[in-house]
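J.:
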Amino acid sequence: MILQSCKGTKGLTGSTIKKLKAEKVISNHYNKAFNFETINAKVKVKYDDGKQSFSPNVTIRMEKDKKIWISAKILGITLAKVLITPEKVSYYEKIDNTYFEGDFKVISDWLGTELDFNKVQELLLGQALFDLKDEKYLASLENKKYQLQPKNELELFERIFVINPDSFKMFSQQLKQPLENRNLQIKYRTYQKVGNQDFPKEIDIEAFEDAKKTRIEIEYRTVNYNANVSFPFKVPSGYKQVTIK
17 MILQSCKGTK GLTGSTIKKL KAEKVISNHY NKAFNFETIN AKVKVKYDDG KQSFSPNVTI
77 RMEKDKKIWI SAKILGITLA KVLITPEKVS YYEKIDNTYF EGDFKVISDW LGTELDFNKV
137 QELLLGQALF DLKDEKYLAS LENKKYQLQP KNELELFERI FVINPDSFKM FSQQLKQPLE
197 NRNLQIKYRT YQKVGNQDFP KEIDIEAFED AKKTRIEIEY RTVNYNANVS FPFKVPSGYK
257 QVTIK
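Here the sequence shown is numbered in the numbering used here, starting from 17 and rising by one per residue.
1. Would a C-beta distance cut-off of 7 Å place D132 and F116 closer than the cut-off?
2. Answer with buried or exposed for A227, where buried requires no fewer than 16 other C-beta atoms within 10 angstroms of its C-beta.
3. Taking the beta strand (DSSP E) that F116 falls in, what are its first and last residues?
4. Who are the Cβ neighbours of F52 in its own chain at under 7 Å, not counting the five residues just before and after it?
5. With distances taken from CA atoms, which of I55, K82, L95, D64 is nearest N73?
6. Which residue wins for smallest C-alpha separation from E109, given the options V98, T75, P181?
7. Nearest CA to the CA of Y255: which residue from K89, I111, K60, Q137?
8. Taking the CB atoms as reference points, tell me whether A38 and Y153 lie closer together than 7 Å.
9. Straight-line CA distance for F146 to P166?
10. With the cut-off set at 7 Å, would you say A281 and L141 are in Cβ contact?
11. State buried or exposed for K185, treating a residue as buried only when at least 16 other CB atoms are found within 10 Å of its CB.
12. Quick one: is I202 buried, meaning 16 or more other Cβ sit within 10 Å of its Cβ, or exposed?
13. For P181, is the classification buried or exposed, using 16 other Cβ atoms within 10 angstroms of its Cβ as the cut-off for buried?
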């Protein structure tokens, strides 16, 4: 038992990590993607943008590639609901009795980078925000993890993806827009087993734009998948619509 334990630990510390080509790292990353049809998760969230901070209990439900539904509560009272589909973002909140329905600019503004449905879904699942198969990447070993960077990166955009060598799940991803002084850092601190698959446990998100900093911490408390789930969403009457310019 001791020998087996030491052997396992040795592999995880990186002493036996093989140097792989970028194509192989990327292939393994997608082969290890969480396989599901639906997800129903209980989550603890901490949000701080320097002006306001709160820590609601959140329920996240997903139907793969179709819907992401979020309900935020404090002391058992529903504060807001969000429904995200590939076509639009809808939400309403009960503090100011307002609602929004429109494109992904509202989420992009929150995190300081252009987002769409697929990027939000992949972020929550521990997968690369961008389709790594669309470009050529350079792979290197940094701090006993695989690091991927595009071969032909644009000056306006810098991307670094760091992948765990044991699970091939995302360890961190960083997206920079130097000219706009924007930087998005996503770190997956820990993973957990859901069924026999790896699923994020703790996610830290930091978004910087000039002097503005937004920090979001996500902790998955429970995760169930492939169960029947519903996505109730109806804006209460009398709520005022807000627009994002």
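For each residue, glycine too, the CB sits at the ideal point set by N, CA and C.
T.: Here's the rundown:
1. Translated into the one-based positions of the sequence shown, residue 132 becomes position 116. Translated into the one-based positions of the sequence shown, residue 116 becomes position 100. It is not a contact, given that the beta carbons lie outside the stated cut-off.
2. The residue you call residue 227 lines up with position 211 of the sequence shown. Burial call: exposed.
3. Reading the sequence shown from its first residue, position 100 is the one you call residue 116. Unbroken beta strand (DSSP E) run through F116: 114-118.
4. Working through the sequence shown from its first residue, we reach residue 52 at position 36. Hits under 7 Å: K80, Y241, N242.
5. Stepping through the sequence shown from its first residue, residue 73 is reached at position 57. Out of I55, K82, L95, D64, L95 has the C-alpha closest to the C-alpha of N73.
6. On the sequence shown, position 93 is the one that residue 109 refers to. Cα-wise, what sits closest to E109 is V98.
7. The residue you call residue 255 lines up with position 239 of the sequence shown. Out of K89, I111, K60, Q137, I111 has the C-alpha closest to the C-alpha of Y255.
8. If you number the sequence shown from 1, residue 38 lands on position 22. If you number the sequence shown from 1, residue 153 lands on position 137. It is a contact, given that the beta carbons lie within the stated cut-off.
9. Position 130 of the sequence shown, counted from the first residue, corresponds to residue 146. Position 150 of the sequence shown, counted from the first residue, corresponds to residue 166. The C-alpha of P166 is placed about 11 Å away from the C-alpha of F146.
10. One cannot answer for residue 281 here, as it falls past the ends of the chain, which runs 17 to 261.
11. Position 169 of the sequence shown, counted from the first residue, corresponds to residue 185. K185 sits buried, since 16 or more C-beta atoms from the chains shown fall within 10 Å of its C-beta.
12. Residue 202 sits at position 186 when you count from the first residue of the sequence shown. I202 is buried by the Cβ-count criterion.
13. Taking the first residue of the sequence shown as 1, we reach residue 181 at position 165. The Cβ neighbour count for P181, taken over all protein chains shown within 10 Å, is at least 16; the residue is labelled buried.
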